[in-house]
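Input: a single structure, listed below in structure tokens.
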Amino acid sequence: MDISHFLDQAWLARIPLLKGLGATISISFLSIVVGSFLGIFVGLALTYGGWALRLLVRGYTDFIRGTPVLVLVLASYYVLSTIGIDLGPFQAGVLALSIFCSSHVGELVRGALQAIPTGQTEAAKAIGLTFPQTFAYVLGPQALRHALPAWVNTAAEMVKASTLLSIIGVAELLLRTQEVISRSFLSLEFYFFAGFLYFVINYGIERFGRYVERKTAVSS
Numbered sequence: 001m002d003i004s005h006f007l008d009q010a011w012l013a014r015i016p017l018l019k020g021l022g023a024t025i026s027i028s029f030l031s032i033v034v035g036s037f038l039g040i041f042v043g044l045a046l047t048y049g050g051w052a053l054r055l056l057v058r059g060y061t062d063f064i065r066g067t068p069v070l071v072l073v074l075a076s077y078y079v080l081s082t083i084g085i086d087l088g089p090f091q092a093g094v095l096a097l098s099i100f101c102s103s104h105v106g107e108l109v110r111g112a113l114q115a116i117p118t119g120q121t122e123a124a125k126a127i128g129l130t131f132p133q134t135f136a137y138v139l140g141p142q143a144l145r146h147a148l149p150a151w152v153n154t155a156a157e158m159v160k161a162s163t164l165l166s167i168i169g170v171a172e173l174l175l176r177t178q179e180v181i182s183r184s185f186l187s188l189e190f191y192f193f194a195g196f197l198y199f200v201i202n203y204g205i206e207r208f209g210r211y212v213e214r215k216t217a218v219s220s
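What the sequence shown shows, in UniProt numbering, is residues 1 to 220, in sequence order.
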């Protein structure tokens, strides 16, 4: 491996690579935030909803979790356009990943809420707390501590799943890397470099999860 030649090519390709990295970060951030927000409501519906709502949301969760992410990406981009919903590649990709993320986060929230003793919910009712207040002050913080480690894994999976958006033309990091390789023919070097950048993103997510875990830990 000629390091100096690789560094020269990397410097020449710095602009497209930085744009690809920015697109990957944007896609991952939006998908994780939107998917987590929707997942909270999915988890609440699975835990506290009526039987009809639970059945409906259970069907949604099982269907999405059992569908490959690539199929969701293609459906968001091509199928929605056939019914008059025209989304750009970036918007369609974020929608698909957000939906996939919401199904996984919903299961995490459901499991975390069901792990909390029911006596705490009854105690909150006894002192006059509404359900939103009970969730905000009693259930939510405890569920967060239970679900956080698995949520970090889900967030990392969204970063890796963002590579699939190149199939619909989203110029994220992998697609930009492939374009650079087609000009420089340094496939091994640039794929290693892209892998390192994905590692940095996921390492940042892991460190953020550790930070939140320390902030929400209950001192013994």
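Using N, Cα and C, we set each Cβ at its ideal position, and we do this for glycine too.
All values derive from a computational prediction rather than experimental measurement.
| Item | Value |
| --- | --- |
| Is the Cβ-Cβ distance between Gln142 and Ile116 less than 8 Å? | yes |
| Assuming Thr154 and Gly106 are in contact, meaning their beta carbons sit under 8 Å apart, how far apart are those beta carbons, in whole angstroms? | At roughly 11 Å, the Cβ-Cβ gap does not stay under 8 Å, so Thr154 and Gly106 are not in contact. |
| Quick check: what's the CA-CA separation for Arg210 versus Ile15? | 32 Å |
| By the three-class DSSP mapping on this structure, what secondary structure does Gly119 have? | helix |
| Check whether the Cβ atoms of Gly20 and Leu165 lie closer than 8 Å to each other. | no |
| Report the residue from Ile25, Trp151 and Lys125 whose alpha carbon sits nearest the alpha carbon of Leu139. | Lys125 |
| Alpha carbon to alpha carbon, how far is Asn202 from Ser220? Give it in angstroms, no decimals. | A caution first: Ser220 carries a pLDDT of 46, below 50, which makes its placement in the model unreliable, though a value can still be read off. Distance between the alpha carbons of Ser220 and Asn202 is about 30 Å. |
| Do you know whose CA, among Ser98, Ala52 and Leu53, lies nearest Leu72's CA? | Ser98 |
| Could you tell me the distance, in whole angstroms, from the CA atom of Glu122 to the CA atom of Leu46? | 19 Å |
| Can you tell me whether DSSP reads Ile127 as helix, strand or coil? | coil |
| Helix, strand or coil: how does DSSP classify Ser220 here? | Note on Ser220: pLDDT 46, under 50, position unreliable in the model; the coordinate value appears next. It is coil, neither helix nor strand. |
| Around the C-beta of Thr118, are 16 or more other C-beta atoms found within 10 angstroms, so that it is buried, or is it exposed? | exposed |
| Give the C-beta separation of Glu180 and Ala13 to the nearest angstrom, bearing in mind that I take them to be a contact with Cβ-Cβ under 8 Å. | Note that residue 180 is Val in the sequence shown here, rather than Glu. Sure, about 4 Å apart at Cβ, within 8 Å. |
| For the candidate residues Ser103, Tyr191 and Pro89, whose alpha-carbon lies nearest to that of Ile27? | Pro89 |
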